[in-house]
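This report refers to the structure that appears directly beneath it.
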Amino acid sequence: MVLAVESLNRLLHCWILLISLIFVVNGQFPTTLEGPFKPVTVPVNYSIIGQVTSLPVDDNPPLSPEIEFQPQQISLSLSSDLSSVWVSWITGEYQIGDDIEPLDPQSVASVVQYGVYKSGRNNLAAGSSFIYSQQYPNEDPNNYTSGIIHRVLVTGLDPDSMYEYQCGDPSIPAMSEVHYFRTMPSPPKDYPSRVAVVGGLGLTYNTSTTISHMAANHPDLALLVGDLSFADLYCTNGTLWDFQNSSSPQSPLQETYQPRWDHWGRFMQILTATVPTMVIEGDHEIEKQADDLTFTAYNYRFAFPSDESGSTLYYSFNAGGIHFVMLGAYVPYDKSSDQYKWLERDLFNVNRSVTPWLVAAWHPPWYSTYKDHYREAECMRVEMEELLYKHGVDIVFNGHVNAYERSNRVYNYTLDPCGPVHITVGSGGNEMNLTLEHADEPGNCPDPSNTPDRFMGGFCGFNFTSGPAAGNFCWNEQPEYSAYRESSFGYGILEVKNQTHALWMWYRNQDRYSVGADGIYIVRQPDRCPS
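If you count by the numbering used here, then the sequence shown holds residues 280 to 810, one letter each, in order.
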C-alpha cells in the first residue's frame, strides 16, 4: 500500500512538472529581466476573511501515540555535511505542574534504523536525548516539562538518493512507522527540485489546508521562516489569549502554553518526517522565561547545522547548488556583533562555482508595504543590507506579516538590477487572521516612533531622503519596489532550474494545489552583477 501511494505521488509530481513546462513553453511566466514591474495589488477576497479557527487538538490530539514511548513529532533537518541528516522525535508525554517528576532521558534509547529505499533498514545510528522546562515569570503553577527529545545524526548517506527509516527504541520495542526521505543532490549542477517556503503557520484549519497543499506539491526541502506554533498566544491554562480585547498588561509572550508545541509537532509530522525542514526563529518563538531565558522550545525542539556559527538563531547550509543563510532578527546584528562577524566569514567563503545560488532568510521583512510591522526591522536593514548586496544575494525570504508580497529587485529602497528579490510568505495559517491594510493607503502610515521591534529596540525609522516619498515615512501609493502583494493564506515553491534561472510560484489556499497565483523566473546575471 505504501509503495502504491509512493508511486502515485511520483506520477502526480511528474504531471505537475509537465504542467510547469507547458507554461514555460507558452511564455506565461515573466522573468526578472523584464522588470521592474508595475506594482500590483490583488483586491481582498473577503469570502476567505473570517474568524480564524484553531484545530481541536485538546479533544482529539493529532497523531497521539498509542504505545508508551512510541516516537511522535518526528522531523528531519539537514546538517552541515551533505552526507548527513538529523532525525529528531519525542517519546513520553509532557507534564504540567510544580510537583512533577521529569522523565529520565536515559530510560529510552535513541536509535534510527535506516537503509537505501527497498534494500532494507540494516544500518543503525544512535544519538542523544534530553528534556527541557518552561518556568513562567509570574510563579504560575502550570510550569511545563517536555517529553524526552531524541536527536540522531544519520551519516554516510549518498546524494540525491531515497532512504527509508524507523526511529525509536527497538529494545522496548517502541519504533515508529517506516518513513522515507530523499537526500539533497550534489553541487554545483544539481538542485533540490522543489523548495517549499512558508511562515506564520500556527495550528488552524488554514494551516491544515496549507500543509496538505504543500505536501501534494512534493517538496524536497522546506523552509519555515518563523512564527511556528504560536504557543505564546495561549495562556498557561490553554485558552487563547484575547489579544484584540484584553486590557491586561501581561504580554502573551510571557504566558506561553507549551503543549501547543506538542500538538503542532504531531500535526506537522505529515511533512517533517519525510521532508527535511529548516526553521528560523520568529518573534513568537521568543517565549521569555522566569530567568530571562528565551527561545527555549525553539532551541530544544529543532536540530540545526550550527557548528560554524555557534548559534541556533543564525546558521547556514547547502542544498545542492544553493547556499542558504538563515539570519536572526532577535539577536544582535550590528557590525560588532558575533552574528555579523560570522556572516562576513560565511559569505566570504561561499564559492559561487559550487553553489551559484545564494538565498537568505529571516523573519521580519525589510521591504513589506503592509501597515502591520511596517519598517519594523529597519535597524537590521541598515546594518546588514550592504553586506548581503556586495556578496550578491539572489533571493530573500521573510515571514512575520500575515500576507504575501514580492518585490522587484531592490537595494536601499531603490530599484537595482543587482539587488535581491524580497519575498514575504507569512500567511501559512497563523492564529490572528490576514493582514489587509497597506501603509501607503490614506491614514495608514504609522507613527515612526511606534515602529521599532519591541524586543530588539533601537530606532532607525527616518523619513525617506530621495525618490517619490522624499520627506515622508511612507509612500502615498504602492511603492515602485513592490511588484505584487496579496492578502491570502498560502505558501511558495522555489524551483532552481540551473545556474541562472529559478522559478518562484506562490500558491493560495483557495486554489487547487497545482494552480499558482503569482509566478516569475528569477534570473541571475553573474556577468553584470559580480559578487
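Every residue gets a Cβ at the ideal spot worked out from N, C-alpha and C, and that includes glycine.
Given the structure is predicted, the values throughout are model-derived calculations rather than measurements.
DSSP places residue 636 inside the beta strand (DSSP E), whose first and last residues are 636 to 640.
Beta-bridge partners of residue 430 (DSSP): 367, 407. The region 532 to 544 and the region 320 to 329 do not touch, with fewer than three beta-carbon pairs separated by less than 8 Å. Distance between residue 799 and residue 384, taken at the CA atoms: about 48 Å. Per the DSSP secondary-structure output, residue 780 pairs in a beta bridge with 802. Here residue 312 is exposed. Its C-beta has fewer than 16 other C-beta atoms within 10 Å.
Contact between residue 582 and residue 356 is confirmed by a C-beta separation of about 5 Å, below the 8 Å threshold. Closest option to residue 354, judged by alpha-carbon separation, among 364, 521, 511, 707: 364.
Around the beta carbon of residue 541, a 10 Å sphere encloses 16 or more other beta carbons of the protein chains shown; the residue is thus reported as buried.
Going by DSSP, residue 807 is part of no beta strand (DSSP E) at all; its letter is neither H nor E.
Counting along the chain, the unbroken alpha helix (DSSP H) around residue 551 starts and ends at 538 to 551.
Rounded to whole angstroms, the separation of the alpha carbons of residue 576 and residue 570 is 15 Å. Between residue 706 and the set 465, 390, 677, 377, the nearest pair of CA atoms involves 677.
Taking every protein chain shown into account, the CB of residue 729 has fewer than 16 other CB atoms within 10 angstroms, so this residue is exposed.
The C-beta separation of residue 685 from residue 702 comes to about 5 Å, placing the pair in contact by the 8 Å criterion.
DSSP places residue 492 in the uninterrupted alpha helix (DSSP H) bounded by 484 to 495. The beta carbon of residue 520 is closer than 7 Å to those of 512, 513, 514, 531, 534 in its chain, skipping five residues each way along the sequence. If you look at residue 749, you'll find it isn't in any alpha helix (DSSP H); DSSP assigns it neither H nor E. The Cβ atoms of residue 564 and residue 507 lie closer than 8 Å to each other. A Cβ-Cβ distance of about 6 Å is found for the pair residue 351 and residue 545, placing them in contact under the 8 Å criterion. Secondary-structure assignment with DSSP links residue 785 through a beta bridge to 771, 797. DSSP, read as helix, strand or coil, puts residue 728 in helix. With a threshold of 16 other beta carbon atoms within 10 Å, residue 757 meets it and is buried. In the structure shown, residue 320 adopts extended strand secondary structure according to DSSP, grouped into three states. As far as DSSP is concerned, residue 591 takes part in no beta bridge. Excluding residues up to 5 positions away in sequence, 466, 467 lie with their Cβ nearer than 6 Å to the Cβ of residue 633 in the same chain. Counting of Cβ neighbours within 10 angstroms places residue 620 among the exposed residues, the total staying below 16. The three-state reading of DSSP puts residue 312 in helix, counting H, G and I together.
Among the bridge pairs identified by DSSP, residue 446 is matched with 391. When DSSP states are grouped into helix, strand and coil, residue 572 belongs to the coil group. Per DSSP, the continuous alpha helix (DSSP H) segment holding residue 659 begins and ends at 657 to 669. A check of alpha carbon separations from residue 696 across 315, 307, 308 identifies 315 as the nearest. Secondary-structure assignment with DSSP links residue 374 through a beta bridge to 424.
Using a 10 angstroms sphere on the CB of residue 623, the tally of other CB atoms stays under 16, which defines it as exposed. Just measuring C-alpha positions, the residue of 671, 710, 687 sitting nearest residue 679 is 710.
Rounded to whole angstroms, the separation of the alpha carbons of residue 794 and residue 744 is 41 Å.
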